[in-house]
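Numbering (our numbering), first residue to last: 1208 to 1768. Taking it in order: structure first as structure tokens, then the write-up.
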Amino acid sequence: MKHLWRLAVAVLAAGLPLAAAPSPTIALTDVSSSSGLTLVNLSGGPSKDYIVDANGTGAALFDYDNDGRLDALLVSGSTRERLAQGGSPMLALYRNEGAGRFKDVTAAAGFDRLGWGVGTCVADVDNDGFEDVYVTAFGADVMWRNSGTGIFTDVTKRAGLGDTRWSTSCAFNDYDHDGFADLYVANYVKFDEKAIPARASTAGCRFMATDVFCGPNRLPGESDILYRNNGDGTFTDVTARAGIVDPGYYGFGVVFADLTGDGWPDIYVANDSVPNLFFRNKGNGTFVEEGLLAGVAVSSDGRPQAGMGVDAGDYNGDGLPDLVVTNFSHDYNTLYENGPPGVFSDRSYAAGIAVTAGPYLGWGVKLVDLDNDGRLDLFIANGHVYPEVDGHGLGTTYLQRKQVFLNEGRRFREVTTEIGGGLLLKRSSRGAAFGDVDNDGDIDVLVVNMNDRPTLLRNDTPRTNHWLTLRLTGTKSNRDALGARVTIEAGGRRAVAEVRSDGSYLSHSDARVHVGLGDAVRATRVEIRWPSGLVESIAGVPADRIYTVIEGEKLKSLSAR
């Protein structure tokens, strides 16, 4: 236990490609019924007559009480009828009690706000050492401040937030390197029930000759928002000043990360049915939109797709973050390979993930090393939006299984059936959050299901391979170390990841950096480039431990969980 650091991070950079060993069989066990996660997600009426009924909600895995265990936050929606009466409870918070059990502490934590919750992102916005919670909504968004005593306070108005547009995913990062976490919020459509035909009331809203709800292409879109953190937990809308020009596209998934390798976090937005947006950070407080120029706005054949979830990760081990976007059924999920830095190419077919195009409609997604072999695998949560597809011979279903693709180098191979178990249970899933819930060195998965209880998949993969987990805390940098760049050398290979807190769909994953080492029993070198500009490194880090690191303290803290 010599080489231990102390580290606090608000961002997950999962599974860096390191020493690849023969992959053991991935095992994901459904422990939902015994977990204590009991919230039945409310997401509109069962018939899904309007688009607001169909898009679902997200979840977060984060340590709200600093006890070293990941707690679970589940966002819940409402119905149009209940919203007219004030709405439904927007959140449920579950404290991780250990031994695979969670306890509902929603009331004790002060989460009593009513409305229609959608998504969530988490960061220590006031740098006080405790993670705060932002929730997007169909209606007014909400900011909760973590007091550090187990109680959250609604500080939306005081924080200068509370936009009432229909928002979806959100993400934190320090775009101007001033030491505080800024906030990007994606917005979807303008929804007016009185002006929108209900399902089956017009011939203009059909899917493969079947009556379905209308939208989004028949609806006006909403522009996204960039908020700058003023340094005291309050925010200022700097969207126009920063050059964030969104023509009212239908925003869904968000990644707030350095995609060009210049040290400044960029913003990528997966949009529904229109081109995706890529805002390159110019390093002077402003951005420029370069989606088409960078090759990430449309598919390789020039089509806008129906982007839902999104994630960034270095799937091929070249040190550059690639992008994956989940899309609608009867299309393919898109893998954009990065290289040269900031220039992408569509390798969906070449990499083997487009071969399953057809029945699945993807949402929550992550490039994540499920077997610790040093290569990022791919997890996708699926579920259709139209219950009407069942029984009509349309080549798809409303309830769908999840998918896992094993990374075999430059290609993926779907291993869903091989893994079996909870992956094969059919649900209409939406958000997905990822993290080591039981601190045993592998990544577990929490999935939100429409009008149902969540699915918790415990990773029980045989422990043949080795791993490291890093938890960063900034001092001069933002406390979550968002934007820190981690380089790890092990087994003769070198890998790079960034501290992030975003991706998937409407969800926040474990902020710790989890690294699969394959058969390497130690990392020969670990380097951290903090957003402040400080560079620190250490040699000879033993594997199979959780380390913490405080910016500027190197090895002064000698404790590991």
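Every residue, glycine too, gets a C-beta built ideally from N, C-alpha and C. Here the structure is a predicted model, which is why all the values come from computation and not from measurement.
Residue burial classification, Q1610 (beta-carbon count within 10 angstroms, cutoff 16): buried
Reduced DSSP secondary structure (H/G/I, E/B, other) of A1513: Residue state, collapsed to three classes: strand.
G1294 versus T1343 - alpha carbon distance: 14 Å
Residue burial classification, Y1475 (beta-carbon count within 10 angstroms, cutoff 16): buried
Nearest residue (CA-CA) to F1387, options P1738, G1759 and S1744: Closest by C-alpha distance to F1387, out of P1738, G1759 and S1744, is P1738.
Rounded distance between the beta-carbons of L1244 and A1279, thought under 8 Å: In this structure A1279 is in contact with L1244, their Cβ atoms being roughly 6 Å apart against a cut-off of 8 Å.
Assigned secondary structure, S1166 (DSSP; H/G/I helix, E/B strand, else coil): Any question about residue 1166 goes unanswered here, given that the chain covers just 1208 to 1768.
Cβ distance (whole Å) where N1685 is taken to contact N1273 below 8 Å: Not quite, the Cβ-Cβ distance comes to about 17 Å (not below 8 Å), so this is no contact.
Limits of the unbroken alpha helix (DSSP H) element including L1368: L1368 -> no alpha helix (DSSP H), and no H or E assigned at all.
V1652 versus I1560: straight-line alpha-carbon distance, rounded: 20 Å
Pair within 8 Å by beta-carbon distance, S1708 and A1640: no
Coarse secondary structure for R1554, derived from DSSP in three states: coil
Residue of G1565, L1568 and P1594 minimising C-alpha distance to N1658: P1594
Rounded C-alpha distance that separates H1715 from C1328: H1715 and C1328 have their C-alpha atoms spaced approximately 5 Å apart.
Enclosing beta strand (DSSP E) for G1778 [first to last residue]: Any question about residue 1778 goes unanswered here, given that the chain covers just 1208 to 1768.
Simplified DSSP state of R1618, which is helix, strand or coil: Correct three-state label for R1618: coil.
Extent of the continuous alpha helix (DSSP H) run through L1300: Careful: L1300 lies outside any alpha helix (DSSP H), inside the beta strand (DSSP E) at L1298 to G1305.
Segment contact, 8 Å Cβ cut-off, at least three pairs: the region 1469-1487 with the region 1407-1421: no
Cβ distance (whole Å) where V1531 is taken to contact V1572 below 8 Å: Contact between V1531 and V1572 holds: their C-beta atoms lie close to 6 Å from each other, under 8 Å.
R1700 - DSSP class collapsed to helix/strand/coil: strand
For D1508 and E1758, the rounded distance between their alpha carbons: About 45 Å.
When N1353, Y1382, F1359 and F1345 are compared against S1376, the one with the closest alpha-carbon: F1345
Beta-carbon gap between N1491 and G1514 smaller than 8 Å: no
DSSP three-state assignment for R1634, whether helix, strand or coil: Secondary structure of R1634 (DSSP, three-state): strand.
Residue interval of the beta strand (DSSP E) (run including I1745): V1742 to P1749
Under 8 Å between C-beta atoms of S1283 and G1324: yes
Nonlocal neighbours in the same chain, by C-beta distance under 8 Å from Y1543, ignoring five residues either side: G1502, V1503, D1529, L1530, V1531, V1532, F1551, S1552, D1553 and R1554
Chain-order list of residues whose beta-carbon lies under 7 Å from that of L1527 (same chain, five-residue window excluded): G1468, D1521, N1545, G1546 and P1548
4-residue-minimum alpha helix (DSSP H) runs that sit fully inside the region 1419-1444, ordered along the chain: When DSSP assignments are scanned along the region 1419-1444, no uninterrupted stretch of alpha helix (DSSP H) that is 4 or more residues long falls wholly within it.
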